[in-house]
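Student: With the numbering used here applied, the sequence shown covers 69 to 556.
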Amino acid sequence: MLLAAPQGDPVKDLEYIRRAVHRMILRMPPSEFIDRYCVLEDRDAPGVIVPFRLWPAQRELVDALDANRLNVVLKARQLGISWLCLAYILREMLRQPGYSVIALSRTETEARELVRRLGVMAANMPVLLRKHGAWNGPVYSVVNGCVTVKQESGVSTFRALASGKNMGRGFTASLVFLDEWAFQQFDREIWLSVFPSVNRPGGGKVIGVSTMERGSLFEEIFSDADNGFAKHFLSWRSDPRRDDTWYAATRQALGDMILQEYPETPADALRIPGGAFFPELCALHDVRRKAEDGQRIYVALDYGLDRLACLWIAVYGDGTEHVYRELCASGLIASEAAAEILAAGVGDEIYEYLAPPDLWNTDRHSGKSTADVFAGAGIYLRKTSNARIHGWMDVKEHLALRERTDPATGEVRREPTLTIDREACPELWHCLSRIQKDRRHPNDAASEPHELTHAPDALRAFCAGRPVPPQAMRKPRLKEQLAFRRRA
C-alpha cells in the first residue's frame with residue numbers, strides 16, 4: 069500500500085501518512101482537485117458557501133488552462149470563471165512552493181474581492197491547508213491584499229492589484245491572472261508591463277478572462293489566430309441551468325445587447341450591435357487593383373508626433389476609388405514625416421495632398437505650422453473640413469455598397485465606391501474594423517483607444533476633400549502653392 073510508514077512512532081506514522089495523502093491529492097488533474105476540495109460562494113444557496121461542483125464546460129476549461137501557457141478566455145456573464153481560476157491558482161500554490169501570482173483587476177475594490185475569495189477557499193480546505201494551530205502542513209495568511217501559503221520548502225504568494233500603466237513592472241511571476249481584461253484601463257501598457265514578468269525560457273503562465281469589449285487589446289488577442297495564445301470560449305449555455313426560456317426572457321430585458329453579455333458563439337460576441345462604427349466594411353472592400361491609365365492619385369494624411377497615418381488613394385475614371393498604400397509611423401517630427409511620405413511615394417504622380425485643419429496651427433516658437441514645414445519639403449497640402457459627423461458620413465457613403473452594371477457583360481453587381489488593398493494597408497483595415505461608436509454620440513467615432521483613430525481620420529480627410537475623377541480635370545491650385553512657398 070502507498071501509506072505503509074517506515075517509522076515505529078505513531079505520531080511520525082501519522083505525519084508520514086498526511087504527507088503521502090497530500091502528495092496524492094495534488095497529483096490529481098485540476099478539475100478533479102477542484103471538484104473534491106474547493107468551495108465557492110453561491111448567493112442563491114442556503115449556506116452561501118457550497119462545494120465547487122464543476123459543470124462540464126468548467127471542467128474542460130480548467131484542464132485546458134493547465135495544458136497551455138498563454139490563455140485567453142472569452143465568456144458569457146456569471147459563469148463562475150473567476151472562482152474557477154482562483155481554485156486553479158490555489159492548487160498551484162500548494163503544488164509548487166515558491167509559486168508567485170500577480171492578479172490584475174479593473175479597480176482596487178475588485179482586486180480586494182479576488183483576495184477575499186481566495187481566502188474563503190483557503191479557509192475551507194482543512195485537509196490540505198490551515199491558518200494556524202497544531203498542524204505541520206501548509207499554513208495560509210491573508211494580509212495587506214496578499215495571500216501567502218507557507219510550507220517547509222517555500223512560500224507561495226498571491227497579490228491582487230488594480231490596473232495601472234506600470235502595474236506588474238518589477239515583479240517576477242509564475243502566473244499572471246487578468247480578470248475582466250477587456251475592461252481594464254491602460255490594457256496595452258499593462259500587457260507590456262506584466263508579460264516580461266512571465267516571459268522566461270520555459271517560463272510562467274498567463275490567464276486573461278473577460279467578456280467582449282470591441283476595440284480592446286483583449287479582442288485583438290482573441291481574434292488573432294497566430295499569436296501563440298490558446299483561445300477558450302464559454303457560451304451562455306455553459307451553465308446547465310440556463311435554457312431557451314431563460315434566454316428568451318433575458319433577451320426581452322436586454323434587447324440586442326444580449327450578444328455582448330450572453331453570446332452563444334464567438335461570432336456573437338464580436339458582432340455587438342450598435343458597437344462597430346463601420347459595420348459596412350466587408351470582404352467586398354478587400355480588393356487588389358492594378359494601376360490604370362488616367363487615374364488620379366490623392367494622398368490623405370493625419371499627422372501628430374504620436375502617429376503619422378498616410379494613405380495613397382487612386383481615383384479612376386468611373387469614379388471608383390482604391391486605397392493601395394499606407395504609411396504609418398510614430399515619433400516623427402514634421403520634416404521627417406514629410407521625407408518619409410516623399411520616399412514612400414516615389415514614382416507616383418500626386419494630384420493633391422489632403423489634410424485636416426489642425427496642420428495649419430502655428431507653432432508659437434517657430435511661427436510655422438506643420439503645413440508650412442511640409443510645403444518646405446515640397447508637399448503642398450490642401451485643407452479639408454474637420455467636421456467630424458459630416459466627415460464620417462462621407463466615409464460611410466464611400467464604403468456603401470451600390471448596384472453597378474458591368475459595361476462589358478451587363479451584369480449588375482453590388483460594389484462599394486471605395487476599396488482597400490487589405491494586404492498593403494493592414495493598419496487602415498484593422499482600425500476601420502475595430503473602431504467603435506462614441507457611447508454618448510452615436511454619430512461620431514470613439515476617440516479611445518486613440519491608436520485606432522489615426523488611419524480612419526486620414527480616410528476622413530480624403531472623403532471630406534471631395535476627390536473628383538480624372539474626367540473632371542481642374543487647374544492645379546498654383547495660387548495656394550505659391551502662397552505656401554512665400555510663407556516657407
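Just so it is clear, CB atoms sit at the ideal spot from N, CA and C, and this is done for glycine as well. From a predicted model like this one, the values you see are computed outputs, not experimental measurements.
(1) Can you give the Cα-Cα distance for ARG528 and LEU379, rounded to whole angstroms?
(2) So, helix, strand or coil for THR279, using DSSP?
(3) What does CYS378 pair with, by DSSP beta-bridge criteria?
(4) Please name the residue, chosen from ASP312, ASP112, GLU220 and ASP131, that lies closest to PHE101 on a Cα-to-Cα basis.
(5) Kindly indicate which residue of LYS451, ASP134 and ALA250 has the alpha-carbon position closest to the one of ASP426.
(6) Under 8 Å: do the stretch 105 to 112 and the stretch 201 to 209 share three or more Cβ pairs, one atom per stretch?
(7) Rounded to whole angstroms, what is the Cα-Cα separation between CYS350 and SER437?
(8) Could you tell me which uninterrupted alpha helix (DSSP H) segments, each at least 4 residues in length, are contained entirely in the stretch 219 to 259, listed from first to last along the chain?
(9) Mapping DSSP to helix, strand and coil, what is GLN328?
(10) If we call anything under 9 Å between Cβ atoms a contact, is LEU154 one with VAL217?
(11) Would you mind working out which of GLY276, GLY232 and GLU220 sits nearest VAL140, comparing C-alpha positions?
(12) Using the three-state DSSP reduction, which class does GLN164 fall into: helix, strand or coil?
(13) From which residue to which residue does the alpha helix (DSSP H) around LYS299 run?
(14) By how many angstroms is the C-alpha of VAL169 removed from the C-alpha of GLY228?
(15) Which full runs of the beta strand (DSSP E) of 3+ residues lie inside the stretch 469 to 516, going along the chain?
(16) Using only the alpha-carbon positions, how far apart do ARG127 and GLU465 sit?
(17) Under the three-state reduction of DSSP, which class applies to VAL266: helix, strand or coil?
(18) If the criterion is Cβ atoms closer than 9 Å, does the pair ARG364 and PRO484 meet it?
(19) Near GLY533, which residues of its chain fall below 6 Å by C-beta distance, leaving aside the five closest residues on each side in sequence?
(20) Output the boundary residues of the beta strand (DSSP E) element that contains VAL207.
(21) Looking at the strands, I want to know which residues DSSP matches up with ASP354.
(22) To the nearest angstrom, how far is the alpha carbon of ARG256 from that of TRP497?
(23) Mind checking whether PRO517 and LEU500 have CB atoms under 9 Å apart?
(24) Per DSSP, what are the beta-bridge partners of CYS531 in this structure?
(25) According to DSSP, simplified to helix, strand and coil, what is GLU109?
(26) If you scan the stretch 430 to 465 from start to end, which runs of the alpha helix (DSSP H) of 4 or more residues do you find wholly inside it?
(27) Whether or not the stretch 302 to 317 and the stretch 328 to 339 are in contact is what I'm after, with contact meaning three or more pairs of Cβ atoms, one per stretch, closer than 8 Å; do they touch?
(28) For VAL207 versus VAL183, is the C-beta distance shorter than 9 Å?
(29) Out of ALA402, SER261, VAL274 and ASP307, which has the shortest C-alpha to C-alpha gap to GLY296?
(30) Return the first residue and the last residue of the beta strand (DSSP E) that GLU420 is part of.
(31) I want to know whether the stretch 467 to 475 touches the stretch 438 to 448 - three or more CB-CB distances under 8 Å.
(32) Is the beta carbon of GLU287 less than 9 Å from the beta carbon of MET280?
(33) With which residues is ILE117 paired in a DSSP beta bridge?
(34) Residues in the same chain with beta-carbon distance under 7 Å from LYS299, minus the five sequence neighbours each way, listed in chain order, please.
(35) With three or more beta-carbon pairs closer than 8 Å as the criterion, would you say the stretch 344 to 363 touches the stretch 401 to 410?
(36) When the Cα atoms are used, what is the spatial distance from ALA144 to ARG305?
Tutor: Quick answer:
(1) The straight-line gap from Cα to Cα measures roughly 11 Å.
(2) coil
(3) LEU369 and LEU395
(4) Of the candidates ASP312, ASP112, GLU220 and ASP131, the one whose C-alpha sits nearest the C-alpha of PHE101 is ASP131.
(5) LYS451
(6) no
(7) CYS350 and SER437 have their C-alpha atoms spaced approximately 38 Å apart.
(8) Listed in chain order, there is nothing to give.
(9) Assignment of GLN328 by DSSP, reduced to helix, strand and coil, places it in the helix class.
(10) no
(11) GLY276
(12) coil
(13) First-last for LYS299: 298 to 302, but that is the beta strand (DSSP E), not the alpha helix (DSSP H).
(14) Before going further, note that residue 228 is Ala rather than Gly in the sequence given. Using only the alpha carbons, I get a separation of about 8 Å.
(15) 469 to 473, 480 to 484 and 486 to 488
(16) 49 Å
(17) Helix at VAL266.
(18) no
(19) Once the five neighbours on either side are set aside, the close Cβ partners of GLY533 are LEU422 and THR452.
(20) 207 to 211
(21) ILE488
(22) 20 Å
(23) no
(24) Its beta-bridge partners do not exist; DSSP assigns none.
(25) strand
(26) 438 to 444
(27) Counting C-beta pairs closer than 8 Å gives three or more between the stretch 328 to 339 and the stretch 302 to 317, which meets the contact rule.
(28) The criterion of a C-beta distance shorter than 9 Å is not satisfied by VAL207 and VAL183.
(29) VAL274
(30) 418 to 423
(31) no
(32) yes
(33) GLU109
(34) VAL140 and PHE290
(35) no
(36) About 9 Å.
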